[in-house]
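Numbering follows numbering that gives the first Met the number 0, in which position 188 of the sequence shown is assigned residue number 187; successive positions increment by one, without gaps.
For every residue, glycine included, the Cβ atom is placed at its ideal position computed from N, Cα and C.
Since we're looking at a predicted model, the values are computed, not measured.
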Amino acid sequence: MKKVILIYGAPGAGKGTQADLLAKKLGFYHFDTGKYIEQTINDPENLKSKKFQKEKAIFDSGKLNTPSWVLKDIVIKNTKKLAKAGVRIVFSGSPRTLFEAFGDEKTKGLIETLEKLYGKENIGILYLDVKSESSVFRNSNRAVCSVCGAPVLYTENGAQTCPFCGAPLRKRSLDNPETIKVRLEEYKNRTQPILEELKKRGYEINIINGKPEPFKVFEEVKQKIN
Ligand SMILES: [Zn+2]
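Here is the structure:
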């Protein structure tokens with residue numbers, strides 16, 4: 000079985016849900032870059048620094064954070080720690096830009112770092128395919144728990160409280176219609192090209208229909224990574 004999985008797909012394709020399932024069922028560590036960023040920029044200690052204030056403003060607008068900052072301070076740092084501990088990792092939507100994926104003359108990107116840490120043959124790429132209308136619908140209809148952070152899916156019928164801990168749900172600031180549009184554009188222009196480059200480098204992109212219920216999608220995910 001692959002030891003590192005990168006899951007791609009537009010916002011709302013269900014990347015986080017599949018990554019959570021891989022974590023719960025197959026012992027992967029779900030590396031959620033967005034969550035790492037959200038935690039980092041909302042930490043009052045960090046917000047004393049100008050750099051972090053700037054990144055928070057970018058994040059809240061729906062744009063992608065500064066790639067060099069994400070790559071060094073968030074992704075590489077935490078990946079190395081996990082690899083050292085021998086952990087299998089699933090990335091949901093990371094790396095998000097060509098630079099984060101492949102770096103430049105000065106900086107190693109995540110792909111090269113992973114190849115070194117885990118071996119190319121142990122890296123699997125999945126692409127969850129959904130139409131952009133359903134992506135918008137899913138994003139505008141989802142909520143997260145205000146206490147434990149559990150995601151509540153777009154299919155659930157107007158639930159007001161978290162099914163896990165009972166706390167009130169909240170909408171993510173990222174999920175208002177304007178921000179969703181920005182995120183879709185950002186995805187198309189800056190994230191999608193990574194898949195092309197991965198193909199050139201000899202990776203197989205495993206395309207999975209992201210439309211069915213998550214547990215059905217997961218059946219296919221399991222097949223592909225074995
Ligand atoms: Zn909860």
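In the structure shown, Pro43 falls within a coil segment according to DSSP collapsed to helix, strand and coil. For the region 102 to 166, the continuous beta strand (DSSP E) assignments of 3+ residues that do not extend past its boundaries occur at 122 to 128, 142 to 144, in sequence order. When the beta-carbon positions are compared, Leu113 and Ala12 stay at least 8 Å from each other.
Here DSSP, grouped into helix, strand and coil, assigns Arg200 to coil.
Contact between Val86 and Tyr35 does not hold, since their C-beta atoms are separated by about 15 Å, which reaches or exceeds 8 Å.
One thing to note: Leu109 has its Cβ no nearer than 8 Å to the Cβ of Ala82. Gly148 is the residue among Asn208, Gly148, Ile179, Asn140 whose C-alpha sits nearest the C-alpha of Pro167. Asp72 has its alpha-carbon roughly 25 Å from the corresponding atom of Leu21.
The distance from the Cβ of Ile75 to that of Ile204 is about 23 Å, inconsistent with a contact at the 8 Å cut-off.
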